[in-house]
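Chains as they are written, first to last, in the working numbering: chain Y, 2 to 145; chain S, 55 to 366. Note that CB positions come from ideal geometry on N, CA and C, so glycine has one too. Since this is a predicted model, take the numbers as computed values, not measurements.
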């Protein structure tokens with residue numbers, strides 16, 4: 002993760018994830034607390050926000066699979082599913098993956114080292130690996 | 055009709071007609087068993103670009119002088135429907151080629167922008183290297199005009215330093231021969247072959263040959279380097295194959311049998327570098343054609359006149 006990214010993490014997160022400002026703010030608060038937090042606890046940190054607004058936003062984040070939740074008495078306690086860096090990395094991976102997926106449908110100007118490999122090719126890779134190892138051994142023995 | 059407009063239509067129609075004839079000829083040769091086993095990437099590039107480059111050459115160096123020499127300049131002539139149809143077809147081919155080229159460049163730019171936003175500069179050989187921390191096992195040379203090598207940390211982690219150096223040398227070899235610019239030419243070639251499976255096959259063949267040649271150029275005859283690159287190829291292929299990667303992001307037409315061929319090629323003693331045979335032949339024909347066509351200009355002009363008048 003670049004240092005520029007760390008400095009602008011909330012903005013970068015918003016820009017990358019398409020999350021709203023309130024969703025980003027609550028997510029940042031949850032990351033700062035590093036433990037499961039109820040709506041009531043968060044309301045203390047966001048004095049201007051109504052209880053229902055926070056609850057709805059947290060529920061939305063939970064449905065987006067960004068939060069985990071468990072029952073805490075009659076309420077839910079929420080905690081982030083992953084760290085900020087992990088989420089940013091996932092988002093970048095997703096975007097890069099999408100772009101590379103698009104390159105399958107048309108010809109993006111790129112030369113990749115290795116292209117499609119399907120599940121059934123694993124055995125072939127094992128065979129090739131064995132060949133490389135055998136060649137390595139041969140060279141090592143030759144040098145001795 | 056305005057003589058300049060008529061000349062433009064004649065050139066476009068010639069481009070379209072010759073393009074179709076050359077594409078048909080290429081398809082017939084392919085069907086007849088032309089497979090060019092062991093052909094160099096330059097040969098395949100020449101073959102793939104033959105219809106569009108050949109038709110452009112004939113339009114500009116044969117049809118244009120013939121028309122300018124023998125066409126009475128003051129005469130205003132109406133264009134027939136065949137000329138208009140052929141010119142429209144050629145315009146559609148050119149526009150579609152430009153669109154494909156533009157789209158490919160835009161997609162590469164977008165991918166590069168996504169990667170570079172996240173990238174850390176690294177030490178590469180030959181081209182700018184950018185390291186990205188993404189799950190996809192990405193090692194690629196991206197972009198046609200100013201290509202950059204983008205590699206993911208997962209690849210660096212999977213390879214030992216020697217192997218990773220060879221991976222970068224492989225991409226730098228692509229950069230040195232401007233393979234991405236050649237790929238852009240293949241993608242944007244304005245001909246009917248681009249709409250057929252033959253076009254895709256020739257491009258895939260070119261890609262495979264370009265990869266093999268980049269392997270050879272990167273490692274040379276050094277057996278240790280060849281072994282390191284072979285090992286890196288297998289490791290990267292395994293990463294692409296791994297189940298925890300969300301989708302086959304690097305999936306394109308060249309499959310693992312290509313990796314297999316490349317690994318076996320690297321393990322074998324280095325072969326002598328194959329020289330392009332077809333491309334010099336095509337280039338020589340292209341240079342000589344305008345000269346040999348000079349005595350035929352009058353006949354060619356008559357044929358063009360028939361084309362202009364046809365169906366009028």
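Among all the DSSP beta bridges, which residues are the ones paired with residue i?
i: residue 76 of chain Y; result: Y:73
i: residue 162 of chain S; result: Answer is none; residue 162 of chain S lacks a bridge partner.
i: residue 182 of chain S; result: S:202
i: residue 126 of chain Y; result: Paired residue(s): none; residue 126 of chain Y is not in a bridge.
i: residue 68 of chain Y; result: Y:81
i: residue 39 of chain Y; result: Y:78
For the alpha helix (DSSP H) that residue i lies in, which residues bound it at each end?
i: residue 346 of chain S; result: 332 to 347
i: residue 269 of chain S; result: 251 to 273
i: residue 72 of chain S; result: 57 to 85
i: residue 362 of chain S; result: 351 to 363
i: residue 34 of chain Y; result: 22 to 34
For the putative contact between residue i and residue j, defined by C-beta atoms under 8 Å, what is the C-beta separation to the nearest angstrom?
i: residue 244 of chain S; j: residue 147 of chain S; result: 4 Å
i: residue 59 of chain Y; j: residue 68 of chain Y; result: 7 Å
i: residue 362 of chain S; j: residue 134 of chain S; result: 6 Å
i: residue 364 of chain S; j: residue 136 of chain S; result: 4 Å
i: residue 145 of chain S; j: residue 66 of chain S; result: 6 Å
i: residue 313 of chain S; j: residue 345 of chain S; result: Actually they are not in contact, since the Cβ atoms of residue 313 of chain S and residue 345 of chain S sit about 46 Å apart, beyond 8 Å.
i: residue 55 of chain S; j: residue 130 of chain S; result: 6 Å
i: residue 195 of chain S; j: residue 229 of chain S; result: 6 Å
i: residue 62 of chain Y; j: residue 43 of chain Y; result: Contact flag wrong, Cβ pair sits at about 11 Å.
i: residue 248 of chain S; j: residue 151 of chain S; result: 7 Å
i: residue 99 of chain S; j: residue 236 of chain S; result: 6 Å
i: residue 280 of chain S; j: residue 320 of chain S; result: 4 Å
i: residue 112 of chain S; j: residue 72 of chain S; result: 5 Å
i: residue 333 of chain S; j: residue 97 of chain S; result: 6 Å
i: residue 217 of chain S; j: residue 285 of chain S; result: 6 Å
Measuring only from the beta carbon, is residue i closer than 7 Å to any heavy atom that is part of the ligand MN?
i: residue 287 of chain S; result: With respect to the ligand MN, the structure shown offers nothing to examine, as it has no ligands at all.
- Message: Would you call the region 154 to 161 of chain S in contact with the region 260 to 271 of chain S, where contact means no fewer than 3 C-beta pairs closer than 8 Å?
- Response: Output reads no: the region 260 to 271 of chain S does not touch the region 154 to 161 of chain S.
- Runs of alpha helix (DSSP H) lying entirely within the region 205 to 232 of chain S, each at least 4 residues, in chain order: If only uninterrupted alpha helix (DSSP H) runs of at least 4 residues are considered, those enclosed by the region 205 to 232 of chain S are 207 to 212, 215 to 230.
- Task: Return the chain-ordered ranges of every alpha helix (DSSP H) run that is complete within the region 101 to 174 of chain S and spans a minimum of 4 residues.
- Result: Here the runs fully enclosed are 118 to 124, 135 to 172.
- Could you tell me whether the region 272 to 282 of chain S touches the region 253 to 260 of chain S, where touching means 3 or more Cβ pairs closer than 8 Å? Verdict: no, contact absent.
- Item | Touching by the beta-carbon criterion (3+ pairs, under 8 Å), the region 28 to 41 of chain Y and the region 74 to 82 of chain Y | Between the region 28 to 41 of chain Y and the region 74 to 82 of chain Y, the count of Cβ pairs shorter than 8 Å is three or higher; the stretches touch.
- Query: Hey, is the region 73 to 83 of chain S in contact with the region 98 to 105 of chain S, meaning 3+ C-beta pairs nearer than 8 Å?
  - Reply: Touching, per the Cβ criterion.
- Query: Taking one C-beta from the region 184 to 203 of chain S and one from the region 217 to 227 of chain S each time, how about it: are there three or more such pairs within less than 8 Å?
  - Reply: Yes, the region 184 to 203 of chain S is in contact with the region 217 to 227 of chain S.
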